[in-house]
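To start, the structure under review is shown below, and the notes come after it.
Protein chains: 2
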Amino acid sequence: MTYEAPIRDMMFNLDHLSQWPQVSALEKYGEIDRTDARAALEELGRFCTDLIAPLSAVGDTTGAQLDGDKVVLPEAFAAAYAQFVDMGWQSLAHPVDHGGMGLPRVVGAAATEILNAADMSFGLCPLLTDGAIDALQLSGTEAQKELYLRPLVSGRWTGTMNLTEPQAGSDLGRVRCKAEPRADGSYGVSGTKIFITYGAHELSENIIHLVLARTPGAPEGHRGLSLFLVPKFLVDQDGTPGDRNSVNCVSIEHKLGVRASPTAVLEYADATGYLIGEENRGLEYMFTMMNAARFAVGVQGVAVSERAYQHALSYAKERVQGQAIGLDPDQTTAIIGHPDVRRMVLRMRALVEGGRSLSMAAAGWLDLSQNGDDDIRAETAPVAEFLVPLVKAFCSERAVEVASLGVQIHGGMGFIEETGVAQFYRDARILPIYEGTTAIQANDLLGRKVLRDTGQTARRFSAMIADTEAALQTGSAKLQDIAACLGEARAAFDTSLSWLLETAANDPRAAFGGSVPFLNLTGTLAAGWQLARAARAAEAEQHRGNETEFMAQKVTTAQIFAHHVLVECESDRARIMTGATSLLDEASQI
Amino acid sequence: MTYEAPIRDMMFNLDHLSQWPQVSALEKYGEIDRTDARAALEELGRFCTDLIAPLSAVGDTTGAQLDGDKVVLPEAFAAAYAQFVDMGWQSLAHPVDHGGMGLPRVVGAAATEILNAADMSFGLCPLLTDGAIDALQLSGTEAQKELYLRPLVSGRWTGTMNLTEPQAGSDLGRVRCKAEPRADGSYGVSGTKIFITYGAHELSENIIHLVLARTPGAPEGHRGLSLFLVPKFLVDQDGTPGDRNSVNCVSIEHKLGVRASPTAVLEYADATGYLIGEENRGLEYMFTMMNAARFAVGVQGVAVSERAYQHALSYAKERVQGQAIGLDPDQTTAIIGHPDVRRMVLRMRALVEGGRSLSMAAAGWLDLSQNGDDDIRAETAPVAEFLVPLVKAFCSERAVEVASLGVQIHGGMGFIEETGVAQFYRDARILPIYEGTTAIQANDLLGRKVLRDTGQTARRFSAMIADTEAALQTGSAKLQDIAACLGEARAAFDTSLSWLLETAANDPRAAFGGSVPFLNLTGTLAAGWQLARAARAAEAEQHRGNETEFMAQKVTTAQIFAHHVLVECESDRARIMTGATSLLDEASQI
């Protein structure tokens, strides 16, 4: 079973949900049109079908292996990575002046989806490099950019994020790694970092580690962290990697999934590092990188969901078993003919397309919020930032659900590793954990994005949804039905929001006890909203006689999401508003 | 991290939910009292903590291996199994006249939970043997019982169920395996059976396979299946295993979980088999066995949930990270202090205890329905049979959720295999698949248990819940709150039920499109009902001054279930009643 990039749906989302007219008009993207974007995605799609998708199984079986002080990936990975670099895929969404193709973020999101659907273990390497490029671009000196950006953008070098230590996971204030200033302006970085994705490997000529550490006398907690660039091989003035720096991989983890992605424990022993930006502002810079990474992890969720969906759909159409109820009792059927298998397949599709619409719409707003003029930035930034935790949490949590449905559709075969779908269930499980767990996203949403501006952005989000509902009212009965479901889900959001704003002041524990249900509610609502926008656009295209079957299906998928998924919002409202009392009841001894 | 059997909660369920006074008064159990039951469970608990729980990790890492024509389990399994037999644990819930301890079914359910919580891979062997014993007892000849029951009850021999073939999974009508009658009254059984749990191993002196096959000229489809007993070693008149029968293991599966449980492909080549019962009634006999096995799989779900819960609770109390919101900002906290971690832990507890209450209550009714006098049987059988698919589906689907929450609470460590909790997430995933997928349970519930008697039993189920609500109204404010939540969930059930009864007649595909949401709704309601009964009993005990802390916690757990889980019933109602239109919309090309 292979993988085909869902280019048609991606282009639909780009055309109708990503604010493409404004995005492509940004000065930064002066010469881009959608034909270029489509051509790039199609070529990437072919590359991934042919070269990357076949890596999944071997990567999962063999995994990354520590051999002496080197980390070895299955052989095919090196060849595929070399070709990935040759074709310039790492550069796709990076600026032209550092050697990039300069495509907008929404195209980058689609590319990230394709690559990670083909193989999440492979996709993690470029994903981390993207993050390092972003951080350097925003906070590096001109000299640092000159030296490091071009090889990173080309993919010849790769990047990593070094945050976690054994005692410092979600709580980065506990980081102990040290950086001692040296006479030449560099720093000696020492300490142990864990869970470093692609922290060690032989795919690239160099690895650029971005490391959180403390300078002598820095304040305690997260205000005393600085960010350092620590190359695996020290780089001379003309950019050639030379001496090995003293950062070593001491072990790699044996993991539930993404087994070909090496997760390293790195030991820094007075390794040469270079300060990025100013001292004690490391967490701030890292957050820039982390926000992009969080968004990308959401996209990985869409990716693994799409892959699981393609497998399940194909199996459901091939596997013959039983007679379909309500149809000819003498006729055997492929299992897709059974109403519940149909339900599972269509639920998977609704969740995949909902996640894609949410992430591609958010990509457009993120682009405008970072690259628009002052007015555009001011208008779009709050919404874009509001959407990031939703993309991360909705798409990652739903990926676990979708992968699990994929296993279920395969029945007993789903439990056999050779079938390949159990791997998606294992791979997907990291998504709600890394780059900030779902609970961390919930704190971000409730604390920073809702309470901090006393609900202003949240109310604007709700008003935008109400506008969509109003627009749907002028459409067909199906659109009106979707509007009604969306309205009910939005009412659950509004009621929860008021309760949370009121409660947080006096009883923050009660409010935050509902933070994850609120995140789930809001993410589900946001995805349903984007599918409702999609349905409206699709109906308009249908009326114009464009691809009427595809468009009719977009409408139905939105309706399935409305009937089967949006209904969960009301449960979450109840959990938030009545669930706090039992949750915090002292009779629960724990 | 070890495992401790939750004896206190089990005894609470036995005392208050399992109809213990009637059950223990059954003639079959004349001399049993609860002290014996408790003593047996406590001893089994110690045995499992000491000998079985440590097998999990090694069983998962090494797995079952095919070595030539033998299946080898990790060494420690053989020693543990021998001791299991020596201590007589296989015999716990089997009749005294075949060498059993003769404990009631509810005690058997608790024992199954303990064994499978300690290690599901180990627990599967006795579970299948239990099924073979049941089938033989019900349908075997006296001579067959004489020859085979005692060694099976002792555990010296083990049993298997052979249903599935490559083309015949959920659809057993497609079974092709053949049985040719021989002159001596035996049959020559030929064909390939797949997914045979413990189909080959060296733990026991003999393996008794129960095999579905077709005699020459038998009707097509499921009406032409007969059941055969095929021993691995042929047994002489005095019961001694002798010549090897021609059934061979040709391969074992490489699975997502329960890796130490060998899943065999068995090749029967004119193997000697003995007819059980009458020809062409095989499926009927197998269903008896399967019903018991379905119930037991539900209990396995409670088991793996409890194990995952114990791990997560322990980690959440140990791992220090961050400051708890709303408490002293200078004080670091174990993560249990964070409201969302508390929410996850308590949700896990509510789901575990809900599943245990549902299965132990059902065990009591099952016992009465099989061993009571005619009046008792007539009264209890419909309810007991109604509950079996609920136990299977609720406890197995929730096990996947609970195991996933357990991974989440561990954060990044949860994804590392050595932590041990990823194994529960992998092991649990088979539960909604084997012994009839969730969709098969849903067909059973809606087709056989609801539509067949035009909703009579379903309405009785609802009336029993209404009685519990009325009883709760005389209790504390907490009990009244639980009653209100239960009432809302029951209303969702009643409304769905009316709609399904009406719809099934004219549009069976629409009705069955909602079969799994209906199963989920009903299972959740049933578990919430049992916890509500538990809360009422606990409050009464509190008033009597008995174990007031434990009892207060039982009340709170029921309330958490009501606030956080029962609220899902309304979403399922909406899925059933409005979701059918979009689901069956022909615009959805698939």
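Same order as they appear, the protein sequences are chains A and B. Sequential numbering from 1 applies to the first sequence in this note's numbering. Sequential numbering from 591 applies to the second sequence in this note's numbering. C-beta: ideal position from N, C-alpha, C; glycine also.
Check: Where residue 761 of chain B meets chain A, residues with beta-carbon distance less than 7 Å; Outcome: 321, 322
Check: Alpha carbon of residue 656 of chain B to alpha carbon of residue 414 of chain A, nearest angstrom; Outcome: 21 Å
Check: Close beta carbons around residue 1100 of chain B, own chain, < 7 Å, minus the five adjacent residues each side; Outcome: 1093, 1170, 1174
Check: Three-pair Cβ contact test at 8 Å for the stretch 380–391 of chain A versus the stretch 751–760 of chain B; Outcome: no
Check: Own chain residues within Cβ distance below 8 Å of residue 804 of chain B, not counting five before or after; Outcome: 765, 766, 767, 768, 769, 814, 815, 816
Check: Span of the alpha helix (DSSP H), counted from its first residue to its last, around residue 209 of chain A; Outcome: Where residue 209 of chain A is concerned, there is no enclosing alpha helix (DSSP H), although the beta strand (DSSP E) it sits in stretches over 206–213.
Check: Test item: CB-CB of residue 894 of chain B and residue 1014 of chain B under 8 Å; Outcome: yes
Check: Span separating the alpha-carbon of residue 998 of chain B from that of residue 709 of chain B; Outcome: 21 Å
Check: Nearest neighbour of residue 531 of chain A, chosen from A:27, A:566, A:294 [CA to CA]; Outcome: A:566
Check: Under 9 Å from the C-beta of residue 460 of chain A: neighbouring residues of chain B; Outcome: In chain order: nothing, as chain B lies at least about 25 Å away.
Check: First through last residue of the alpha helix (DSSP H) which encompasses residue 395 of chain A; Outcome: 374–409
Check: Buried/exposed call for residue 19 of chain A, threshold 16 Cβ in 10 Å; Outcome: buried
Check: Within the stretch 104–165 of chain A, ranges of the beta strand (DSSP E) (whole runs, at least 3 residues); Outcome: 157–162
Check: Three CB pairs or more closer than 8 Å across the stretch 775–795 of chain B and the stretch 857–865 of chain B; Outcome: yes
Check: Cβ shell of residue 628 of chain B (< 8 Å), same chain only, five flanking positions each side left out; Outcome: 597, 601
Check: Contact under 8 Å by Cβ, residue 1147 of chain B with residue 940 of chain B; Outcome: yes
Check: Within-8 Å CB hit, residue 434 of chain A to chain B; Outcome: yes
Check: Neighbourhood of residue 291 of chain A by C-beta, 7 Å cutoff - its chain only, sequence neighbours within 5 removed; Outcome: 388
Check: Min CB distance residue 1098 of chain B to chain A below 8 Å; Outcome: yes
Check: Host alpha helix (DSSP H) of residue 251 of chain A (start-end); Outcome: Premise fails: residue 251 of chain A lies in the beta strand (DSSP E), 247–252, not in any alpha helix (DSSP H).
Check: For residue 925 of chain B, the first and last residue of its enclosing beta strand (DSSP E); Outcome: Where residue 925 of chain B is concerned, there is no enclosing beta strand (DSSP E), given that its DSSP letter is neither H nor E.
Check: Min CB distance residue 932 of chain B to chain A below 8 Å; Outcome: yes
Check: Short CB-CB distance (under 8 Å) between residue 256 of chain A and chain B; Outcome: yes
Check: Buried or exposed by the 16-neighbour rule on C-beta atoms within 10 Å, applied to residue 682 of chain B; Outcome: buried
Check: Beta-carbon proximity check, residue 539 of chain A vs residue 479 of chain A, cutoff 8 Å; Outcome: yes
Check: Residue 774 of chain B CB to nearest heavy atom of the ligand PLP below 7 Å; Outcome: Ligands are entirely absent from the displayed structure, and the ligand PLP is therefore not among its contents.
Check: Residue-level contact to chain B via CB, residue 412 of chain A, 8 Å cutoff; Outcome: yes
Check: Residues bridged to residue 783 of chain B [DSSP beta-bridge criterion]; Outcome: B:856
Check: Stretch-stretch touch, CB-based, cutoff 8 Å, three pairs: the stretch 304–314 of chain A with the stretch 198–205 of chain A; Outcome: no
Check: Cutoff 8 Å: residue 899 of chain B Cβ touching any chain A Cβ; Outcome: no
Check: Unbroken beta strand (DSSP E) run spanning residue 810 of chain B, endpoints; Outcome: Segment: none, residue 810 of chain B is in no beta strand (DSSP E) and carries neither H nor E.
Check: Segments assigned alpha helix (DSSP H), at least 4 residues, entirely inside the stretch 491–523 of chain A; Outcome: 508–513
Check: Under 8 Å by beta carbon: chain A residues contacting residue 1015 of chain B; Outcome: 256, 429
Check: Proximity test, Cβ basis, 8 Å: residue 785 of chain B and chain A; Outcome: yes
Check: Cβ of residue 1129 of chain B within 8 Å of any chain A Cβ; Outcome: no
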